[in-house]
Amino acid sequence: MTYKIAILGASGYTGAELVRLIANHPNMEVAALSGNSKAGMTMAQVFPHLRHLDLPVLTTIDDMNFDGIDLAFCALPHKTSQEVIAKLPTDLKIVDLSADFRLRDVAAYEKWYGNPHAAPELQKEAVYGLTEFYRDDIKSARLVAGTGCNAATGQYALRPLIAAGVIDLDEIILDLACAVSGAGRSLKENLLHAELSEGAHAYAVGGTHRHLGEFDQEFSALAGRPVEVQFTPHLIPANRGILATVYVKGDAQVIHNTLQSSYLGEPFVEVLPMGEHPSIRHIRGSNFCHVGVVADRRKDRAIVVAALDNLTKGSSGQALQNANLMLGEDETTGLMMAPVFP
1 MTYKIAILGA
11 SGYTGAELVR
21 LIANHPNMEV
31 AALSGNSKAG
41 MTMAQVFPHL
51 RHLDLPVLTT
61 IDDMNFDGID
71 LAFCALPHKT
81 SQEVIAKLPT
91 DLKIVDLSAD
101 FRLRDVAAYE
111 KWYGNPHAAP
121 ELQKEAVYGL
131 TEFYRDDIKS
141 ARLVAGTGCN
151 AATGQYALRP
161 LIAAGVIDLD
171 EIILDLACAV
181 SGAGRSLKEN
191 LLHAELSEGA
201 HAYAVGGTHR
211 HLGEFDQEFS
221 ALAGRPVEVQ
231 FTPHLIPANR
241 GILATVYVKG
251 DAQVIHNTLQ
261 SSYLGEPFVE
271 VLPMGEHPSI
281 RHIRGSNFCH
291 VGVVADRRKD
301 RAIVVAALDN
311 LTKGSSGQAL
321 QNANLMLGED
331 ETTGLMMAPV
341 FP
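Residues in the sequence shown are numbered consecutively from 1, following the UniProt record's numbering.
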């Protein structure tokens, strides 16, 4: 069976990444593409690297026909997604890549995103899209909320450790180095080449980054009590990738054993041998996440390092992984491509 797929917001980076991935999926066909600001253009005009593909012309969302569409990916900005998804057919399966349905508490959404939730009834049916930990719920879901790319990286490093109680929950420091594509394709002065290249800087310092809402929600639920991590992201002059360096209090060997046993059999999460740590060079363009553990010189202190591609495992690859589950496909279909190196 061939599933017909619509992509809303196909003119952005995550939309283009979805097209790239679905092109290698044997049972999916891109049947409709929207890009309101690029309506009437071909994907070849918007993204020349996709010119070899036979794709529909971009339209506005209002002009899209959802008859016969099996699943829609929504790669729109936050707030916009809530408004658009609320108007889509109620039997349509949806994977949302925005932040609009990640936070179960609508008050938490308003706190972190600055506006009231526009679709609180839909929020009740949304399933959080971190595949390895919500697999069974995703299989039966109609609406799946993709995670934040930073939030995903930190959770791969920390979730098993919090669940197993092998680290001090009040001693977690999370530093992330984030590539520029995570900020989207819109023109921003601070992302110009002359502003960004040959440097790096911290941002959202002091606990203001919106993905903290996801960390608070997920880690506190795992622990059964409030957990608040210290989190600082850093923007680096790279196109793709996130490297999370996590400082924790606990026995390094126990931490490594816990991660290794937790991810045993997972097709996309690789735990490196004890003492090794990953690089974003080694996951580029893939749906893999690499996790490593190194013992600190201080007793009962360890460093956990996780790396993934923000556009693939952190967003569009995760979305396709979830769509496979929702449609009854093998979870890995279309996603087993090797990373691109160098």
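For every residue, glycine included, the Cβ atom is placed at its ideal position computed from N, Cα and C.
Buried or exposed for residue i, please, with buried defined as at least 16 other CB atoms from any protein chain shown within 10 angstroms of its CB.
i      : result
Phe341 : exposed
Leu192 : exposed
Pro273 : exposed
Met1   : exposed
Met28  : buried
Ala86  : exposed
Ala194 : exposed
Glu125 : exposed
Arg225 : exposed
Gly129 : buried
Gln230 : exposed
Asp67  : exposed
Met336 : exposed
Ala302 : buried
Thr131 : buried
Glu121 : exposed
Asn324 : buried
Asp62  : exposed
Gly314 : buried
Glu189 : exposed
Pro77  : exposed
Lys299 : exposed
Roughly how many angstroms separate the alpha carbons of residue i and residue j, rounded to a whole number?
i           : j      : result
Leu92       : Val127 : 15 Å
Ala204      : Asp175 : 12 Å
Arg142      : Met326 : 8 Å
Thr312      : Gln318 : 7 Å
Ala118      : Gln82  : 6 Å
Gly40       : Gly15  : 16 Å
Gly146      : Leu18  : 13 Å
Val234      : Ala338 : First, the residue type needs correcting, since residue 234 is His and not Val in the sequence shown. Each residue's Cα considered, the two are about 27 Å apart.
Leu259      : Asp54  : 42 Å
Ser11       : Ser316 : 13 Å
residue 345 : Leu169 : The first residue shown for the chain is 1 and the last is 342, placing residue 345 beyond what the model contains.
Val152      : Ser262 : What sits at residue 152 in the sequence shown is Ala, not Val. Using only the alpha carbons, I get a separation of about 16 Å.
Ser98       : Asn287 : 18 Å
Ile236      : Val246 : 18 Å
Gln253      : Ala157 : 15 Å
Asp251      : Tyr13  : 40 Å
Thr291      : Asn65  : Contrary to the premise, residue 291 reads as Val rather than Thr in this sequence. Cα to Cα, Val291 sits roughly 42 Å from Asn65.
His25       : Asp137 : 23 Å
Ile173      : Gly207 : 12 Å
Ala177      : Glu228 : 20 Å
Leu222      : Asn150 : 18 Å
Gln123      : Ala164 : 29 Å
Glu329      : Arg135 : 13 Å
Gln217      : His52  : 42 Å
Leu88       : Val180 : 31 Å
His49       : Pro116 : 38 Å
Gly334      : Ile94  : 18 Å
Asn36       : Val57  : 12 Å
Lys139      : Lys249 : 35 Å
Gln155      : His211 : 11 Å
Over what stretch of residues does the beta strand (DSSP E) that includes residue i continue unbroken?
i      : result
Pro233 : Gln230 to Leu235
Leu174 : Ile173 to Cys178
Between which two residues does the alpha helix (DSSP H) holding residue i run?
i      : result
Leu143 : That residue, Leu143, is in no alpha helix (DSSP H); its beta strand (DSSP E) goes Leu143 to Ala145.
Asn150 : Cys149 to Ala164
Glu331 : From DSSP, Glu331 is part of no alpha helix (DSSP H); its letter is neither H nor E.
Glu195 : His193 to Leu196
Is residue i near the ligand FAD, in the sense that its beta carbon is under 6 Å from a heavy atom of that ligand?
i      : result
Leu161 : The ligand FAD is absent from the structure shown, which contains no ligand whatsoever.
Only counting runs of 3 or more residues, tell me where the beta strand (DSSP E) segments fall wholly within the stretch 242-328, in order along the chain. Here the runs fully enclosed are 242-249, 269-271, 289-295 and 301-308.
Does the stretch 195-215 come into contact with the stretch 259-277, if we say contact requires no fewer than three beta-carbon pairs (one atom in each stretch) closer than 8 Å? no
Mind listing, in chain order, the continuous alpha helix (DSSP H) runs of no fewer than 4 residues lying wholly within the UniProt domain "Semialdehyde dehydrogenase NAD-binding" (4-141)? 13-22, 43-46, 80-85, 106-113, 120-123 and 131-139
Is the number of C-beta pairs between the stretch 290-309 and the stretch 5-14 that are closer than 8 Å three or more? no
Contact between the stretch 28-39 and the stretch 63-81 (3+ Cβ pairs under 8 Å): Taking one beta carbon from each stretch, the stretch 28-39 and the stretch 63-81 have 3 or more pairs nearer than 8 Å; the two touch.
Which full runs of the alpha helix (DSSP H) of 4+ residues lie inside the stretch 198-223, going along the chain? 212-223
Check whether the stretch 226-241 touches the stretch 273-285, counting contact only when three or more Cβ pairs, one atom from each stretch, lie closer than 8 Å. yes
Spell out a yes or no on whether the stretch 106-123 and the stretch 290-298 are touching, meaning 3 or more CB-CB pairs, one atom from each, closer than 8 Å. no
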